[in-house]
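Q:
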Amino acid sequence: YDFVVLEQDPEGVFGGRTDSQVTSLVGYAGGRYQSPSGTACYHGLPDKDYSRLGHAEAVSITVGAANTSAQVTALARLFFEHGFSSLNDGRRQRLDPQDVGAEYRNVIGLPGGKANLDWWPLIEAENAHDMPLIDGMGGTAGDTEDDHVVYIYDSLRFPFFRGETYHQFHTNDVLRRPVPKSYTETLKNVQWQEGRLDTDTGCADTAASNMALFIGLACVFIFAALFALGCVLIWWLLPSRQELGESWPCLRKERSDDVRTVNVSMEAPPDGTCAET
Numbered sequence: 006y007d008f009v010v011l012e013q014d015p016e017g018v019f020g021g022r023t024d025s026q027v028t029s030l031v032g033y034a035g036g037r038y039q040s041p042s043g044t045a046c047y048h049g050l051p052d053k054d055y056s057r058l059g060h061a062e063a064v065s066i067t068v069g070a071a072n073t074s075a076q077v078t079a080l081a082r083l084f085f086e087h088g089f090s091s092l093n094d095g096r097r098q099r100l101d102p103q104d105v106g107a108e109y110r111n112v113i114g115l116p117g118g119k120a121n122l123d124w125w126p127l128i129e130a131e132n133a134h135d136m137p138l139i140d141g142m143g144g145t146a147g148d149t150e151d152d153h154v155v156y157i158y159d160s161l162r163f164p165f166f167r168g169e170t171y172h173q174f175h176t177n178d179v180l181r182r183p184v185p186k187s188y189t190e191t192l193k194n195v196q197w198q199e200g201r202l203d204t205d206t207g208c209a210d211t212a213a214s215n216m217a218l219f220i221g222l223a224c225v226f227i228f229a230a231l232f233a234l235g236c237v238l239i240w241w242l243l244p245s246r247q248e249l250g251e252s253w254p255c256l257r258k259e260r261s262d263d264v265r266t267v268n269v270s271m272e273a274p275p276d277g278t279c280a281e282t
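Numbering (our numbering), first residue to last: 6 to 282.
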């Protein structure tokens, strides 16, 4: 929401972008992997789950060809100043520290990463609280600090994956900040009409479908766990094995008139010994 406000500020460096000109969209970035179909999606199927693919939650914004430096500076200032609070030891903490995990880590992506000599100095200059700025190597193998540091990515090497439509322009449920309907309804409808919110992401595009998927996977897991527990219980209830050399029952063969039939049974004699017959 705050990046949209920055884009639409009539006196700001983005020139007051209209609803159809807004470029801020949420999604996933910073991971080393994508699904076999080339996607990264919200929590669900393991081969598409953005967190399992190493991505973090992110916002993508397009800067204009004109006034680029001022726009990059404004974005960096908003990121460093608005997105964190200071702890007693001087470290900067996200406003939602209850969300734990590498998928919530702090990320900045720009073409070329730190090697971008035009944009990187502008971003670095806005880091007024000296947060550690670490070269991002991509999750999941690395980049696991979920707070206090910022990972810097080359957005050409670690591209952005647009998130599902139901995640775009929604209410601020985590921080519980009120946002106007002009954002959650009017802007979203305009963006949809502009074709920027099509469902061609390769992901389940409703919260309900994701919930159904979660429930289905949970049921499969519970069934598998109960089945495994049942197998262990049956094995435990079976007669215990005997060591070699203990008193084993004797084999007794009962041959019927039909020479093709042989019944083999186990029978222990009263004295515990086996007699030859």
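Cβ atoms here follow ideal geometry from the backbone N, Cα and C, with glycine treated the same way.
For VAL155, which three-state DSSP category applies?
A: strand
Q: Spatial neighbours of GLY20 within its chain, please: C-beta separation below 7 Å, excluding the five flanking residues on both sides.
A: none
Q: Going by the CB atoms, is the gap between VAL77 and ILE128 shorter than 9 Å?
A: yes
Q: Could you please give me the residues that DSSP links to GLU62 through a beta bridge?
A: TYR33
Q: Within this structure, are the beta carbons of GLU108 and ASP140 separated by less than 9 Å?
A: no
Q: So, at 7 Å on beta carbons, what are the nonlocal neighbours of GLU131 in its own chain, with the 5 sequence-adjacent residues on each side left out?
A: THR78, ALA81, ARG82, PHE85
Q: Between the alpha carbons of SER214 and THR189, how many angstroms are there, rounded?
A: Residue confidence for SER214 is low, a pLDDT of 49 falling below 50, so the modelled location carries little weight; the figure read from the coordinates is stated next. Going from the Cα of SER214 to the Cα of THR189 covers about 21 Å.
Q: Hey, could you find the ends of the beta strand (DSSP E) ASP140 is sitting in?
A: It spans 138 to 140 - the beta strand (DSSP E) in which ASP140 sits, taken as one unbroken run.
Q: According to DSSP, is ASN111 part of a helix, a strand, or is it coil?
A: DSSP places ASN111 in strand when its eight states are reduced to three.
Q: Among residues of its own chain, excluding the 5 on either side of GLY207, which ones have a beta-carbon nearer than 6 Å to its beta-carbon?
A: SER42, THR44
Q: How big is the Cα-Cα spacing for HIS172 and LEU100?
A: 19 Å
Q: Return helix, strand or coil for ASN93, following the three-state DSSP convention.
A: coil
Q: How far does the alpha helix (DSSP H) with GLU12 in it extend, from its first residue to its last?
A: 7 to 13
Q: What's the gap between the Cα of VAL112 and the Cα of VAL155?
A: 5 Å
Q: On the DSSP letters alone, give me the boundaries of the alpha helix (DSSP H) that THR78 sits inside.
A: 73 to 87
Q: Count the other C-beta atoms from every protein chain shown that fall within 10 angstroms of the C-beta of ALA120, then say buried if there are 16 or more, exposed otherwise.
A: exposed
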